[in-house]
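Residue numbers (our numbering), protein chains in the order written: chain A, 1 to 113; chain B, 1001 to 1109.
Heads up: the structure comes next, in C-alpha cells.
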Amino acid sequence: EAEVAQSPRYKITEKSQAVAFWCDPISGHATLYWYRQILGQGPELLVQFQDESVVDDSQLPKDRFSAERLKGVDSTLKIQPAELGDSAMYLCASSPETGFGYTFGSGTRLTVV
Amino acid sequence: RKEVEQDPGPFNVPEGATVAFNCTYSNSASQSFFWYRQDCRKEPKLLMSVYSSGNEDGRFTAQLNRASQYISLLIRDSKLSDSATYLCVVREGNTPLVFGKGTRLSVIA
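Here it is in C-alpha cells:
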C-alpha cells in the first residue's frame, strides 16, 4: 500500500532554533496538506497545496512558519524561530485531488525545550 | 465556538459493552462526514464515512442528522483493540477536512 513519507519521526529542538520537516506524498497526488495536532486536540490545518501552489495558508503563522512545495511533489515545513508552544505532532496528508480522501503520514513529533 | 464539538471522554467501558459517541458541527454547509480513528502517537486513519441514511460496518454504526447538525458513532460488542481516540470530521465541498478534538475510548478487560 502506498504511503506518505515524513521525516524526521521525532525532533527535539531548543526554543529560538530553526526546524524543518519533510513530506513526500503518494506518487501522483496533487493535493498536499500540513496539519498540526497539539496533544489532546484534533488536527488543525496549517497549509494546503495544489501541485506547487498554496491554496490555503490562512491558519499558518507566517511570522515564523513557512511551507513550500517547489516542484509540486515533496514539501518542507519550516519553523523559525521555534517556540515552546510549537510542541506538537505535525502531520502531512495527500490526496489525488481536492475533495478526495486523505492518506496521512506517520507524522513528526516536535518537542521544543 | 469550535466547528466540530465532541465530548473528550475518556469513556471507560468493559469488553462486550456498547458505547456511543456524539458530535455536533456548526457549519451548515458541511456536506461530507467521517469518523477517523487515532491510536496513541499514531496518525489518524479513516474508520468510516457517514451517510444521511445511516450506515453500518460490522460492529460500527454511524448516523447523521443534518437538521440537528449531529453525528453519532455506535460501537457494539467492544473489543480491547477498539481502544483509541475517535475523531469526528466534517467537510464543506472540496475544502480541507475539519477535525473535532476527539473522544478517547478505553475498553477494559
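Even for Gly, the Cβ is constructed at its ideal location relative to N, Cα and C.
None of these values were measured; they are calculated from a predicted model.
Environment of S75/A [buried if 16+ CB atoms lie within 10 Å]: The residue labelled residue 75/A in the question sits at position 75 within the first sequence. When all chains shown are included, S75/A counts as buried.
Residues bridged to C1023/B (per DSSP): Here residue 1023/B refers to the residue found at position 23 when the second sequence is read from its first residue. BP columns for C1023/B point to Q1006/B and I1071/B.
Residue span of the beta strand (DSSP E) that contains R1076/B, given as start and end: Sequence index remark: in the second sequence, residue 1076/B carries index 76 (1-based). Note, R1076/B: premise wrong, no beta strand (DSSP E); not H, not E.
I26/A Cβ short of 7 Å to the ligand SAH heavy atom set: For the structure depicted, the ligand SAH is absent and the ligand set is empty, with no information on it obtainable.
As assigned by DSSP and simplified to three states, the class of S7/A: Here residue 7/A refers to the residue found at position 7 when the first sequence is read from its first residue. If DSSP states are grouped into helix, strand and coil, S7/A belongs with the strands.
N-terminal and C-terminal residue of the beta strand (DSSP E) that E68/A is part of: The residue labelled residue 68/A in the question sits at position 68 within the first sequence. E68/A -> beta strand (DSSP E) spans F65 to E68.
With 16 other Cβ atoms within 10 Å as the buried cut-off, status of Y955/B: With chain B running from 1001 to 1109 in the structure shown, residue 955/B is simply not present.
Start-to-end residues for the beta strand (DSSP E) that takes in L1087/B: What you label residue 1087/B is simply residue 87 of the second sequence in a count that begins at 1. Unbroken beta strand (DSSP E) run through L1087/B: A1084 to R1091.
Beta strand (DSSP E) runs wholly inside the region 43-102 of chain A, at least 3 long, in chain order: 44-50, 53-56, 65-68, 75-79 and 88-95
Interface positions of the region 75-93 of chain A facing chain B (Cβ-Cβ less than 7 Å), listed along the chain: L91
L1097/B (DSSP reduced to helix, strand or coil): If you number the second sequence from 1, residue 1097/B lands on position 97. L1097/B falls in the coil class under three-state DSSP.
Chain A residues whose Cβ lies nearer than 9 Å to that of E1184/B: No statement about residue 1184/B is possible, as the shown extent of chain B runs from 1001 to 1109 and does not include it.
Nearest residue (CA-CA) to Q41/A, options Y10/A, V113/A, S95/A and S87/A: Start at 1 with the first residue of the first sequence, and residue 41/A comes out as number 41. The shortest C-alpha separation from Q41/A is found at S87/A.
Chain-ordered chain B contacts of Q48/A [CB-CB under 7 Å]: Indexing the first sequence from 1 puts residue 48/A at position 48. The answer, in chain order, is P1096.
8 Å Cβ shell around P1008/B - same chain, five flanking residues per side excluded: By 1-based counting over the second sequence, the position of residue 1008/B is 8. Around P1008/B: K1101, G1102, T1103 and R1104.
Neighbourhood of Q1031/B by C-beta distance below 7 Å, restricted to the same chain and skipping five residues each side: Indexing the second sequence from 1 puts residue 1031/B at position 31. Cβ within range, chain order: R1091, E1092 and G1093.
8 Å Cβ cut-off: residues of chain B touching S106/A: For the purposes of this step, residue 106/A is taken as the residue at position 106 of the first sequence. Chain B residues near S106/A: K1042 and E1043.
C-beta atoms of Y102/A and F21/A nearer than 8 Å: Translated into the one-based positions of the first sequence, residue 102/A becomes position 102. Translated into the one-based positions of the first sequence, residue 21/A becomes position 21. Cβ atoms of Y102/A and F21/A: not closer than 8 Å.
Buried or exposed by the 16-neighbour rule on C-beta atoms within 10 Å, applied to T1018/B: Residue 1018/B sits at position 18 when you count from the first residue of the second sequence. With fewer than 16 other Cβ atoms within 10 Å, it is exposed.
Outcome for T31/A when other beta-carbon atoms lying within 10 angstroms are tallied against a minimum of 16: Counting from 1 along the first sequence, the entry for residue 31/A is found at position 31. By the neighbour-count rule (16 or more Cβ atoms within 10 Å), T31/A is buried.
Cut-off 6 Å between Cβ atoms - residues of its own chain near F65/A, not counting five sequence neighbours on either side: Within the first sequence, residue 65/A is the residue found at index 65, counting from 1. I79.
Partner residues on chain A for G1009/B, Cβ-Cβ distance less than 9 Å: By one-based count along the second sequence, residue 1009/B stands at place 9. In chain order: nothing, as chain A lies at least about 11 Å away.
Own chain, CB closer than 8 Å to D56/A, minus 5 neighbours either side, in chain order: Translated into the one-based positions of the first sequence, residue 56/A becomes position 56. Within the same chain, D56/A has close Cβ partners L45, V47 and Q48.
Pairwise C-alpha distance: A1062/B and S1072/B: On the second sequence, position 72 is the one that residue 1072/B refers to. On the second sequence, position 62 is the one that residue 1062/B refers to. Whole-angstrom Cα-Cα distance: 6 Å.
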